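To keep things clear, I will list the structure first and then write my remarks on it.
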Amino acid sequence: MAMAMNVSSACFCVSGNRRSVNRVRAVASEDFAASKIKEDKVRLGGSDLEVTRLGIGAWSWGDTSYWNNFEWDDGKMKAAKAAFDSSVDCGITFFDTAEVYGSGVRSGCYFQFILTNIDGKLMDIIFGSSYSVPSNSETLLGRFIEDRKLKDPEVEVAVATKYAALPWRLGRQSVLAALKESLDRLGLSSVELYQLHWPGIWGNEGYIDGLGDAVEQGLVKAVGVSNYSESRLRSAYEKLKKRGIPLASNQVNYSLIYRAPEENGVKAACDELGVTLIAYSPIAQGVLTGKYTPENPPTGPRGQIYTPEFLTKLQPLLNRIKDVGQNYSKTPTQVVLNWLVAQENVVPIPGAKNAEQAEEFAGALGWRLTSDEIDELRSLALEVKPVIGFPVEKL
Ligand SMILES: NC(=O)c1ccc[n+]([C@@H]2O[C@H](COP(=O)([O-])OP(=O)(O)OC[C@H]3O[C@@H](n4cnc5c(N)ncnc54)[C@H](OP(=O)(O)O)[C@@H]3O)[C@@H](O)[C@H]2O)c1
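Residue numbers (our numbering): 422 to 816.
The following block contains the structure:
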């Protein structure tokens, strides 16, 4: 595990052959690193909720609209479960899901809206699921937690989920109703963080009231928003503050090559108000890992965004990220996640589809790029024209 290389081996002495000693040392080192990650938590905004410095995004779990080549099967489910278990083994215990991930709430309007705006034409979206294995992200996460608790009753996992502000959902009551359905799917009596997934087109007052009610009814520990502009963020913060409830977080698209939050005032407002910025798509949906090239672009809807032309322009930055990583024996994925953590007040939530991806994320923690490297990567990234984000962040 990459993570094991970050932290010096725990003092451990065992007799036996060299291979088994090395294995024991590696396990001891991994355990030590995992416990450091688990203990080194950050408080989300002014709330009492503490989470690991990096979380895991569960959008792809069960999803057949954007990820997984429009197919979900038992093998993919087992890989997602392994991603969950490996994350917990590595000390990462914060998971982000949403009612619209996978086949939960009919998410067609949401996804059609995104894809229409990205490439200017409407693309067909598959609704629901005919699969025999569960394909709703909340349901899957709930089962993974339940299974894990059977083996390890002490395990503590922080769950973040989200309310879909669909145009036909109005008022505070709709937030509580949706939350209760999410809790049913998760098999939990409360969640750690409940977020408004995007701003409502008719207004947000009722939704913010609903978040406050959820806290007061003990259904959630902390509340946040997502895809909120600076002015919406400030209004939500003030409205909750009147009830004595802190706005814990704003979850927005933020990566080395998508720095809109630095330019539109969202990052500065989060820092000023003490609201944690949760960074989604922090590895630019896989392209910052370096595995996609102009000759091997991603397939499916991602291929429409990260085209061979885009990937060609990205290569100089990717090469430099790789070089920087070599100084620390780190992969490009670990470098770009470390870059985000170094921005302070930022918790990245990369999506993991399998155990290997989750393990790699853990190696992003426990070390730090120098400020010269951070600045150099930011200026090199300025050469790359950002892709179009989720239009709702401009609502
Ligand atoms: N609030 C919102 O509106 C919103 C929007 C988007 C996302 N999110 C949240 O943010 C989370 C993360 O964002 P995201 O899933 O869009 O993008 P991301 O985290 O930037 O990219 C995730 C994808 O990168 C690839 N990958 C992951 N680890 C890798 C590794 N170590 N090496 C190589 N490839 C790797 C995987 O896809 P492949 O293996 O197929 O390449 C994976 O699905 C989501 O799961 C969700 O929880 C929220």
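We put the beta carbon where it would ideally sit given N, CA and C, even for glycine.
Treat the numbers as computed from the prediction; the structure is a model and nothing was measured.
- Contact between Ala773 and Ser508 holds, with the beta-carbon distance rounding to 7 Å and staying under 8 Å.
- Counting of Cβ neighbours within 10 angstroms places Arg664 among the exposed residues, the total staying below 16.
- Distance between Pro715 and Arg723, taken at the CA atoms: about 13 Å.
- Annotation for Tyr628: the continuous alpha helix (DSSP H) segment containing it runs Glu626 to Glu637.
- With fewer than 16 other Cβ atoms from the protein chains shown falling within 10 Å of its own Cβ, Gly496 counts as exposed.
- Separation of the CB atoms of Ala681 and Gly810 is rounded to 6 Å, and the pair is thereby assigned contact status at 8 Å.
- Nearest to Trp760 by C-alpha distance, out of Thr720, Ala776, Pro737 and Ser792, is Ser792.
- If you ignore the 5 residues before and after Ser456, its C-beta comes within less than 8 Å of the C-beta of Gly512, all in its own chain and listed in chain order.
- Assignment of beta-bridge partners to Arg464 by DSSP yields Glu471.
- In this structure, Lys774 has its CB closer than 7 Å to one or more heavy atoms of ligand 1.
- With respect to Val687, Leu654 sits close: the two C-beta atoms are nearer than 8 Å.
- A straight line joining the alpha-carbon of Tyr649 with that of Pro667 spans about 16 Å.
- Cβ neighbours of Leu738 within its own chain (closer than 8 Å, five residues either side excluded): Leu677, Ile678, Leu798, Leu801, Ala802, Glu804 and Val805.
- Judged by the Cβ position, Tyr658 fails to qualify as a neighbour of ligand 1 at the 7 Å threshold, every heavy atom of the ligand being at least this far.
- A distance below 8 Å separates the beta carbons of Ser670 and Ile699.
- A straight-line Cα-Cα distance of about 10 Å links Ser468 and Thr697.
- Taking C-beta separations shorter than 6 Å and ignoring five residues to either side along the sequence, the partners of Ile629 in its chain run Ala657 and Lys660, following chain order.
- Annotation for Ser486 indicates a beta carbon at 7 Å or more from all heavy atoms of ligand 1.
- Distances between the C-beta of Trp619 and the heavy atoms of ligand 1 include at least one below 7 Å.
- Between the alpha carbons of Val673 and Pro574 lies a gap of roughly 33 Å.
- According to DSSP, Gly645 shares a beta bridge with Gln616 and Ser670.
- A distance of 8 Å or more separates the beta carbons of Tyr615 and Val578.
- Rounded to the nearest whole angstrom, the C-alpha separation of Ile458 and Arg474 is 8 Å.
- For Ser750, the closest alpha carbon among the candidates Gln725, Pro729, Leu790 and Tyr727 is that of Leu790.
- Look at the stretch 734-797 and you find these whole runs of beta strand (DSSP E), each 3 residues long or longer: 767-769.
- Taking a C-beta distance under 8 Å as the contact criterion, Val596 and Gly631 qualify as a contact pair.
- In chain order, Leu604 place their CB closer than 7 Å to the CB of Ser610, counting only its own chain and leaving out the 5 sequence neighbours on each side.
- In its chain, beyond the 5 residues on either side, Arg474 have a beta carbon closer than 6 Å to the beta carbon of Val463.
- Judged by the Cβ position, Thr754 qualifies as a neighbour of ligand 1 at the 7 Å threshold, a heavy atom of the ligand being closer than this.
- Between Glu651 and Asn685, the beta carbon gap of about 6 Å places them in contact (Cβ cut-off 8 Å).
- A heavy atom of ligand 1 is found nearer than 7 Å to the CB of Lys712.
- In this structure Ile742 is in contact with Val756, their Cβ atoms being roughly 5 Å apart against a cut-off of 8 Å.
- With a threshold of 16 other beta carbon atoms within 10 Å, Asn748 falls short and is exposed.
- Note on Gly746: 16 or more other CB atoms within 10 angstroms of its CB, so buried under the neighbour-count rule.
- The beta carbon of Val636 sits closer than 7 Å to the beta carbons of Val644 and Ile666 from its chain, once the five residues preceding and following it are set aside; these are given in chain order.
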